[in-house]
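**Q** Residue numbers (the numbering used here): 7 to 222.
Below you'll find the structure I mean.
So, in C-alpha cells, the structure goes:
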C-alpha cells in the first residue's frame with residue numbers, strides 16, 4: 007500500500023497540551039475536595055463538548071465560573087508556553103517532505119489556537135493544509151475533519167496515514183477511511199484503542215516506525 011500523505015492531529019499528538027490541562031483541572035478539583043477521574047476526562051479528549059468538567063465542581067465554584075476559568079486558562083497556557091514538542095516529533099515532521107510525502111493537519115481545535123503554537127515552534131510552514139474546528143460542522147469522532155483534509159490534498163483516504171493520540175481522533179480517521187497509527191500520551195495511553203490500528207509508544211523510531219504500522 008502506497009502512502010502519499012501523513013495527516014497529524016495536533017493537541018496531544020504534536021504538542022502535549024492535554025496533560026497540562028488535565029493536571030490543572032485535577033488541582034482545581036482537589037482544592038474543593040473532589041476527584042477528577044481520568045476515565046471521565048478522556049471522553050472529552052480530541053473532541054468538543056463531550057465532557058463538562060464544571061459539573062463535578064461545587065455550586066459555589068460554578069457561580070464564579072468566569073473568574074475561575076480565566077485563572078485556570080492563564081495557568082494552563084503558561085504551562086504550555088514552557089512546554090516543548092513531544093520528543094522526536096520534530097524530526098518526524100522534518101522527514102516527511104524529503105521522503106516524498108505530503109503533510110496536513112486535522113484538529114478539533116480552532117485555527118487561532120493551533121496556529122499560535124505552530125508558529126511558536128516554527129512548524130506552521132511544514133503543513134500544506136490545516137483542517138480545524140472552524141472549517142467543519144462536526145468535529146471528531148465524526149470523520150468530517152479528515153474527509154476535508156484528504157479532499158483538500160486531492161487524495162483518496164487509503165493513500166493517507168493519520169497520526170493520532172486519542173480514541174476520538176483515531177475513530178474519526180478510521181471512519182474517514184484512512185490508515186491510523188496511535189501515538190498515545192500520558193492521559194490517553196489507557197484508552198481502548200482498537201487492535202487493528204497501528205500503535206507506537208513514541209516518535210523515537212522516526213517516520214519509518216509510523217509507516218511500518220500500515221497494513222495492506
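Ideal placement from N, C-alpha and C gives every residue a C-beta, glycine not left out.
From a predicted model like this one, the values you see are computed outputs, not experimental measurements.
By the 10 Å Cβ neighbour count, where 16 or more other Cβ atoms means buried, how is residue 198 classified, buried or exposed?
**A** Label assigned to residue 198: exposed.
**Q** If you drop the 5 nearest sequence neighbours on each side, which residues of the same chain put their C-beta closer than 6 Å to that of residue 56?
**A** 49 and 50, listed in sequence order.
**Q** Counting beta carbon pairs with one atom in the segment 151-170 and one in the segment 30-46, are three or more of them shorter than 8 Å?
**A** With a cut-off of 8 Å, the segment 151-170 and the segment 30-46 do not count as touching, because too few Cβ pairs lie within range.
**Q** Please classify residue 182 as buried or exposed, where buried requires at least 16 neighbouring CB atoms within 10 angstroms.
**A** Label assigned to residue 182: buried.
**Q** In whole angstroms, give me the CA-to-CA distance for residue 112 and residue 14.
**A** Going from the Cα of residue 112 to the Cα of residue 14 covers about 6 Å.
**Q** How far does the alpha helix (DSSP H) with residue 99 in it extend, from its first residue to its last?
**A** Residue 99 -> alpha helix (DSSP H) spans 95-102.
**Q** Out of 102, 115 and 145, point me to the one whose CA is closest to residue 131's CA.
**A** Comparing Cα positions, the closest option is 102.
**Q** Let me make sure I understand the geometry here. Which of 202, 216 and 220 has the alpha-carbon closest to that of residue 97?
**A** Minimum Cα distance to residue 97 is reached at 216.
**Q** From residue 108 to residue 175, what distance separates their C-alpha atoms?
**A** Computed Cα separation, rounded: 20 Å.
**Q** Mind pulling the beta strand (DSSP E) runs of 3 or more residues that sit fully within the segment 95-181?
**A** Listed in chain order, the complete beta strand (DSSP E) runs (minimum 3 residues) inside the segment 95-181 are 108-112, 135-137 and 166-170.
**Q** Kindly indicate which three-state DSSP category residue 78 falls into: helix, strand or coil?
**A** DSSP places residue 78 in helix when its eight states are reduced to three.
**Q** Would you list the one or two residues that DSSP bridges to residue 13?
**A** Residue 13 pairs with 110 and 168.
**Q** Can we say the segment 156-175 touches the segment 186-193, given the rule of at least three CB pairs closer than 8 Å?
**A** Verdict: yes, contact present.
**Q** Return the CA-CA distance between residue 58 and residue 24, expressed in angstroms with no decimal places.
**A** Distance between the alpha carbons of residue 58 and residue 24: 15 Å.
**Q** State the Cα-Cα distance for the pair residue 39 and residue 60, rounded to the nearest angstrom.
**A** Taking the straight line from one Cα to the other gives about 14 Å.
**Q** Provide the residue(s) that pair with residue 205 in DSSP beta bridges, ordered along the chain.
**A** Paired residue(s): 188.
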